[in-house]
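The structure appears below as C-alpha cells.
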Ligand code: SAM
Ligand code: SF4
C-alpha cells in the first residue's frame, strides 16, 4: 500500500471551456459562491498546519481551470517554497498558458499536465464546446510555450470518446515519438456527462494499446510513475504513452491521493462522497487547528479501507452527480 502523500487541490470550480465530458453546454452548474472559496491564506494555512504534518508532500493544482484563479502565480510560489514540498504540478487546459508559462516556471512550478483531446481544430472546438474563432491554436501555443520554458515532464492528457476523437489515437500517440512528451490516454468516465457516456460508451485502454501496437509495436516502459498510469513506449520514441484505466482496471489499491475542493471539502476518493470533511467550515468556525489535523489524520488512516470497498464496488454501471470540474479532477 502506498503512503497517502499526494493532494490534488482545486483552486476554482469555474472554467473557460465546456468540455462535452466534463461540463457540457446546456447543463446548469451550481458554481461555488465567491465567499465560499478558500482564500489563499486559508489554503496555505491548511497546507502548512494540517496537510504537511499529516504527511502530504506532493501537490497538484487543478480545477475547473486553475489558470483562472486570481493570484495563481503567488499560490504556486508559496507552495513551492514550503520546505516540505517534494513535488508541485498543475493540470490545465492551457488556453491561458502561453502568457503565463514563464512566470509559473519562475514561481517554482516544474511539472504540467495539459488536456489536449484533438489535433483537429474543428474536433477540438466541438469537444471543448466552443463556437467562433478556434481555440485549438491558442492551446497549441500554450503547449509550445510550456515546452520552451522547460517544463519537464510535459504530459498531455487525452480523454478518448468513441465516435468523437478515437480516430486520432495514432496521431496523438505519434506526438511522443520525436519529443520527450508523455501522452496519457484516460478512459472516459460517467462523471459530468452520463448521457454522453451512455450514448457513446468508452474505449478500454487495451483497445487503444492494441491499435498502437499494430502500427508501431509497444514496449512496457521502465519509467514507472507514482500515479495511476501504466506506462509504455513506442520503440525508439523519446516520450512515453500512459494509460489511465479507471473503468477497465481498478487501481484503487495503489491510490495515494486525496482531493481538496475549491470550497474546502476534503474528499478521500474521487468516487466517495460519504466520508468528506468540510475543512473550510471547521476553519471559519474557529475549531482549533490541532482538532482539524486529527480529523484529517483519521481520514488518512481509514483511506485504505475506503479504497478496498471501492475496489469491490467498481466504477462501471455507476452515474455521478458532480462533475470533474467541481471535484477537482
Ligand atoms: N481544466 C483543467 C484541464 O482540463 O486540464 C483541469 C481540470 S480537469 C477537470 C482535469 C482532468 O479531468 C482533465 O484531464 C480532464 O480531461 C479530466 N476529465 C474531466 N471529465 C472527465 C471524464 N468524464 N472522464 C475522464 N476524465 C475526465
Ligand atoms: Fe474545463 Fe478541464 Fe472540465 Fe474541460 S475538463 S470543462 S477544461 S475543467
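In the working numbering, the protein residues as written are 72 to 400.
Where is the CB? At the ideal position from N, CA and C, for every residue including glycine.
From 254, 231 and 208, residue whose alpha carbon lies closest to that of residue 223: 254
Nearest to residue 355 (by Cα), restricted to the options 107, 76 and 103: 107
Whether residue 187 touches residue 227 by CB criterion (9 Å): yes
Pairwise C-alpha distance: residue 103 and residue 314: 32 Å
Given 8 Å, three or more beta-carbon pairs between the segment 327 to 334 and the segment 264 to 281: no
Contact test: residue 89 Cβ vs the ligand SF4 heavy atom, cutoff 8 Å: yes
Which residues DSSP lists as bridging residue 330, in chain order: 79 and 338
Residue of 96, 133 and 117 minimising C-alpha distance to residue 82: 133
Residue 306 burial status per 10 Å Cβ neighbour count (16 or more: buried): exposed
Cα-Cα separation between residue 175 and residue 130, rounded to whole angstroms: 15 Å
Cβ-based burial, residue 365 [other Cβ within 10 Å; buried from 16]: exposed
Neighbour flag for residue 227 against chain D, beta carbons, 9 Å: Absent here is chain D; the protein component of the structure consists of one chain.
Cβ-based neighbour list, residue 283, same chain, cut-off 6 Å, excluding 5 preceding and 5 following: 244 and 289
Heavy atom of the ligand NAD within 8 Å of residue 98 beta-carbon: In the structure on display, the ligand NAD does not appear, and the ligands it does have are the ligand SAM and the ligand SF4.
Counted within 10 angstroms of its Cβ, other Cβ atoms place residue 351 as buried (16 or more) or exposed: buried
Meets three-Cβ-pair contact criterion under 8 Å: the segment 197 to 208 and the segment 252 to 269: no
Per DSSP, cross-strand counterpart(s) of residue 84: In DSSP, residue 84 forms no bridge with anything.
Alpha-carbon spacing of residue 201 relative to residue 299, whole angstroms: 30 Å
Closest Cα partner of residue 394 within the set 371, 338 and 262: 262
Cβ-based burial, residue 78 [other Cβ within 10 Å; buried from 16]: buried
Status (buried if at least 16 other CB within 10 Å, exposed otherwise) for residue 397: buried
C-alpha distance - residue 359 paired with residue 197, whole-angstrom precision: 48 Å
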